[in-house]
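Colleague:
Residue numbers (the working numbering): 492 to 648.
1. Closer than 8 Å is the cut-off here; do at least three beta carbon pairs connect the stretch 514-532 with the stretch 586-593?
2. Cutting at 8 Å between CB atoms, please list the residues of its own chain near residue 587, excluding the five before and the five after it.
3. Grab the span of the alpha helix (DSSP H) containing residue 608 for me, first residue to last.
4. Within 10 Å of its beta-carbon, does residue 618 have 16 or more other beta-carbons around it, so buried, or fewer, so exposed?
5. Classify residue 566 as helix, strand or coil using the three-state DSSP reduction.
6. If I follow the unbroken beta strand (DSSP E) through residue 472, where does it start and stop?
7. From residue 564 to residue 589, what distance separates their C-alpha atoms?
8. If you draw a straight line from the C-alpha of residue 523 to the C-alpha of residue 534, how long is it?
9. Between residue 555 and residue 566, how many whole angstroms is the CB-CB distance? I'm expecting something under 8 Å.
10. Taking C-beta to C-beta, are residue 583 and residue 599 nearer than 8 Å?
11. Following the continuous beta strand (DSSP E) through residue 498, name the residue where it begins and the one where it ends.
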């Protein structure tokens, strides 16, 4: 099916070579959501200064509440892991603890725009593979994806 380029595809403008760039007039954070190991990843392209970025936001999970049934060391282990994580994160990745003890990761990857879908999928895959050990650690210390992450997925959709 032939397309007359350039054309719009959701929040993206597609050029004659099939490359994507953020569409003008669309809210800054418009993009797409994918799921990885039970967590939602919201991705969008940004051409705002200083440079072009693939911006990724991940709902990692939630520090267990004292009201939940916990093992005696689960909450202290969760906070201990949380204290060590920021130093281990790659450049451009930022961990945030929200007031309700949800963990959010925000990452900005420098990219060239417009970007091909193949390169976009490659960037996403590299990010998800780099994220995996951090998810393993969070799962191990008792901050798994769960109902809180599922609610976050529904809220951001």
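For each residue, glycine too, the CB sits at the ideal point set by N, CA and C.
Modeller: In terms of the structure at hand:
1. no
2. So the list reads 594, 595, 596, 597, once near-sequence residues are dropped.
3. 608-632
4. buried
5. helix
6. The structure shown does not extend to residue 472, since the chain spans only 492 to 648, so no value can be given for it.
7. 22 Å
8. Distance between the alpha carbons of residue 523 and residue 534 is about 5 Å.
9. 5 Å
10. yes
11. 498-500
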